[in-house]
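Below you'll find the structure, written out as structure tokens, and then a few comments.
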Amino acid sequence: MDRSLVMAVFTAADARFDPCGAVAFAHRLGGEIDAGRIVFPRPLVVGGGCPHGCLVLDRFPADLTGLSQAARTLARGLVDIAGAGFTIHVCGAPGVAAVAIVTRAVNCELKAHRGSAGPVGWITRQGRAVLFAVL
């Protein structure tokens, strides 16, 4: 998906909930996209759907530094455009540590950005872990 379109969609959506922080959020998201740590492999579904994005583990250091911040950034963007929920695919070979980091990060971001967190769970599908959040 075109980077400029992704940035426009997420900046506009975030501005509805945090007008002062939308530009800073867009810069963080853009940096993660440019580094290849966050990707959107299919068109985004906005409002009423279940959008998803991917965290690419091989783009992070072996100690997973930065994974938490990238997961929070992705969760913030997806919650802004989601209807009933969203999914985050963790691409690579996610171990227990990666799953725990992403779960904590998503829960923290949902509480910080929206004031509450719905159920967050995991499924494994086609060799990758998929986090799902219900709003």
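Mind the numbering: the sequence shown is residues 45 to 179 in our numbering, read in order.
Built from N, CA and C at the ideal position, the CB exists for glycine as well.
From the DSSP output, which residues share a beta bridge with residue i?
i: I167; result: V174
i: V53; result: V53 is not bridged to any residue.
i: V83; result: C98
Measure the alpha-carbon distance for residue i versus residue j and round it to whole angstroms.
i: A70; j: A141; result: 27 Å
i: S160; j: A106; result: 31 Å
i: I82; j: G92; result: 22 Å
i: R116; j: E76; result: 11 Å
i: L111; j: V143; result: 10 Å
Considering just the uninterrupted stretch of the alpha helix (DSSP H) at residue i, what are its terminal residues?
i: G129; result: Not the alpha helix (DSSP H): G129 falls in the beta strand (DSSP E), residues G129 to C135.
i: T109; result: That residue, T109, is in no alpha helix (DSSP H); it is neither H nor E in DSSP.
Report the CB separation of residue i from residue j in whole angstroms; it is logged as a contact under 8 Å.
i: L182; j: G129; result: The structure shown has nothing for residue 182, since the chain only spans 45 to 179.
i: V150; j: A114; result: Their Cβ separation, rounded to whole angstroms, is 11 Å, which puts V150 and A114 out of contact at 8 Å.
Check whether the segment 92-103 and the segment 54-70 touch, using three or more Cβ-Cβ pairs below 8 Å as the test.
Between the segment 92-103 and the segment 54-70, the count of Cβ pairs shorter than 8 Å is below three; the stretches do not touch.
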